[in-house]
Amino acid sequence: MATLTDDGAGGGRVCPYQMAFMLDNWMRRLFQNPVKLLADYIREGNTVVDLGCGPGFFTIDMAEMVGSTGHVIAVDLQPGMLDRVRKKAFRKGVADRVMYHQCRADHIGLECTADFMLAFYMVHETPDPRRFFEETRSMLTAGGRLLVVEPKMHVSQASFESMVAGAARAGLEPVDHPTGKGGRAVLLEGR
Numbered sequence: 007m008a009t010l011t012d013d014g015a016g017g018g019r020v021c022p023y024q025m026a027f028m029l030d031n032w033m034r035r036l037f038q039n040p041v042k043l044l045a046d047y048i049r050e051g052n053t054v055v056d057l058g059c060g061p062g063f064f065t066i067d068m069a070e071m072v073g074s075t076g077h078v079i080a081v082d083l084q085p086g087m088l089d090r091v092r093k094k095a096f097r098k099g100v101a102d103r104v105m106y107h108q109c110r111a112d113h114i115g116l117e118c119t120a121d122f123m124l125a126f127y128m129v130h131e132t133p134d135p136r137r138f139f140e141e142t143r144s145m146l147t148a149g150g151r152l153l154v155v156e157p158k159m160h161v162s163q164a165s166f167e168s169m170v171a172g173a174a175r176a177g178l179e180p181v182d183h184p185t186g187k188g189g190r191a192v193l194l195e196g197r
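Each step along the sequence shown adds one to the number in this note's numbering, with nothing skipped, and position 54 is 60.
Here is the structure:
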């Protein structure tokens with residue numbers, strides 16, 4: 007099991023980039039296939055944001071899904087993770103549609119508009135989830151959506167419900183609680 011480490015910026019514990027192989031491997035794809043998990047939300051030509059992208063487990067498939075006219079913005083706290091995504095995007099032939107942004111633990115700091123955003127197993131790692139949701143809401147296009155998936159082993163049902171309520175207070179409306187996403191999931195839409 008990966009040793010979690012303090013990110014040094016007040017954001018809690020994150021998986022260090024040296025353990026990225028645990029987040030991106032063939033076995034995980036058997037249980038959490040990115041295309042199957044995201045096909046209902048991403049269209050060709052979309053701008054999508056992969057928040058807490060890690061080593062790019064979802065990023066590369068997202069880049070293939072948006073096609074040559076779309077873009078993916080890979081966002082992570084750790085430069086080492088973004089370097090891994092950059093190399094992987096180049097190897098897979100999608101580097102021209104992936105942009106990279108290093109965030110801070112307490113601030114995404116990204117100025118863009120997005121059709122879809124993914125926060126997979128990462129909101130529980132943010133120091134201020136409400137601020138996180140306020141920032142994501144400000145980036146969504148009209149009708150844009152944010153899929154949040156949290157691991158059951160780290161986030162209790164009560165904590166997840168509190169997180170969803172905080173997202174609603176930040177202006178994101180829960181429109182679905184999809185199943186089969188690999189954890190506790192909610193699809194949010196900006197109001």
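Ideal Cβ positions, reconstructed from N, Cα and C, are used throughout, including at glycine.
Using 8 Å as the threshold, is the C-beta distance between residue i and residue j below it?
i, j, result
"Val41", "Gly62", "no"
"Met159", "Ala120", "no"
"Met87", "Gly115", "no"
"Val72", "Gly51", "yes"
"Ile79", "Cys118", "yes"
"Glu156", "Phe166", "yes"
"Leu83", "Phe64", "no"
For residue i, write down the residues that DSSP places opposite it in a beta bridge.
i, result
"Val192", "Val154"
"Gln108", "Asp82"
"Glu179", "Glu195"
"Thr53", "His77"
"Met145", "BP columns for Met145 are empty, so no partner."
"Leu124", "Asp56 and Leu153"
"His113", "Arg110"
Can you tell me whether residue i is buried or exposed, with buried defined as 16 or more other CB within 10 angstroms of its CB?
i, result
"His77", "buried"
"Ala173", "buried"
"Phe139", "buried"
"Ala95", "buried"
"Pro85", "exposed"
"Val55", "buried"
"Thr75", "exposed"
Leaving aside the five residues before and after residue i along the sequence, list all residues of the same chain whose C-beta is less than 6 Å from its C-beta, in chain order.
i, result
"Thr142", "Met123 and Leu152"
Within the same chain, show all residues whose beta-carbon is closer than 7 Å to that of residue i, passing over the 5 residues directly before and after it, in chain order.
i, result
"Asp182", "Leu193"
"Gly196", "Arg143, Leu146, Gly150, Gly177 and Leu178"
"Ile66", "Lys94, Ala95, Lys98 and Val100"
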